[in-house]
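Each residue of the sequence shown is one higher than the one before, counting from 296 in this note's numbering.
Here a beta-carbon is modelled for each residue, glycine too, at the ideal position from N, C-alpha and C.
Scroll down for the structure; my scribbles are underneath it.
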Amino acid sequence: MRLTRVFTISTIVIAIAAMAYTAKAAPTYVGVNQCKMCHMKQYNVWKDTAHAKAFDVLKPADQAKPECVKCHVTGDNKALPGVQCEACHGPGSEYKSFAVMKNVKEAEAKGLDPKPVNVCVKCHNKNSPTFKGFDFKTMWPKIKH
Ligand code: HEC
Ligand code: HEC
Ligand code: HEC
Ligand code: HEC
């Protein structure tokens, strides 16, 4: 009986702590221009890839369909067209400052994914109407930056 109550109380405490943590650590997408200023080299590679044009390849009618748009923009947000840096590296509001970025471990704690090799299949999968398979080893060299 007492054990059950202790269990229930600790579950509630953990749930509240988890909620507080999520509320505090919910970073938002800032857009490619915020990364460009410090990462010109990566930007110049990215801008010529299919990812930069991923929204433009949709026909106007399809640009109005949320079920198409979700994989052709960043963070499910049409204001951030194309597959931008943060679609792979994670939303940057908390890690984009120089003070945080210069320490990769700290940036990681604030939402940066420095090697997002497992993110690709969130979009490159059977839910894409044009999907013909995805192999990281052959696809990464096409967008390497
Ligand atoms: C104020 C300058 C600045 C801005 C803005 C900035 N970065 Fe950085 N970034 C750095 C510095 C400095 C480093 C660490 C030094 C280095 O290896 O280049 C770094 C490192 C990185 C790394 C490599 C981490 C590793 O493993 O070495 C990635 C990925 C990255 N940034 C992505 C981004 C993305 C995405 C954005 C936009 C949301 C962004 N950065 C915005 C300065 C910046
Ligand atoms: C699950 C993510 C996802 C969804 C949902 C999605 N796409 Fe795509 N789309 C992709 C990916 C990834 C590619 C790159 C090629 C591939 O692997 O399918 C792509 C490529 C394309 C292309 C590029 C040209 C081509 O034929 O390769 C067009 C056009 C396109 N999609 C249209 C659409 C339309 C229209 C919809 C909605 C009916 C849609 N997509 C929904 C992920 C998606
Ligand atoms: C389609 C996903 C994707 C997009 C979009 C993307 N990156 Fe990356 N990026 C990666 C992957 C994956 C790696 C790690 C590759 C590895 O280490 O093998 C990487 C590595 C990096 C690195 C580390 C490079 C190094 O030499 O260690 C930086 C910095 C970086 N990206 C910045 C950017 C910036 C800035 C943008 C936008 C202009 C961007 N990335 C867009 C997937 C992406
Ligand atoms: C947010 C969704 C999304 C993510 C994440 C994503 N992609 Fe894509 N990718 C697309 C879409 C959409 C296209 C088609 C764009 C177009 O045709 O203009 C595409 C196109 C490509 C292409 C060009 C198509 C071709 O066959 O030449 C390559 C290469 C590619 N992606 C590699 C990757 C790799 C590697 C990763 C992970 C590091 C990755 N993508 C992550 C959505 C995504």
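Beta-bridge partners assigned by DSSP to T369: N372.
The alpha carbon of C366 has as its nearest neighbour, out of G406, A402, T425, the alpha carbon of T425.
Within the model, the alpha-carbon separation for E401 versus V378 is close to 24 angstroms. For A321, there is no enclosing alpha helix (DSSP H), as DSSP marks it with neither H nor E. The distance from the Cβ of L375 to that of G326 is about 5 angstroms, consistent with a contact at the 8 angstroms cut-off.
Taking the C-beta atoms as reference points, E389 is found nearer than 8 angstroms to P322. Distances from the CB of V352 to the heavy atoms of ligand 3 are all 7 angstroms or more. Counting only residues of its own chain and dropping the five nearest sequence neighbours on each side, V399 has a CB closer than 7 angstroms to the CB of P409. Between the beta-carbon of Q358 and that of F350 there is about 7 angstroms, and that keeps the pair under the 8 angstroms contact cut.
Separation of A404 and A394 (C-alpha to C-alpha, rounded to the nearest whole angstrom) is 13 angstroms. Non-local C-beta neighbours of H440 in its own chain, meaning closer than 7 angstroms and more than five positions away in sequence, comprise Q337, V340, W341, ordered along the chain. Look at E389 here: in three-state DSSP terms it is coil, with no helix or strand label.
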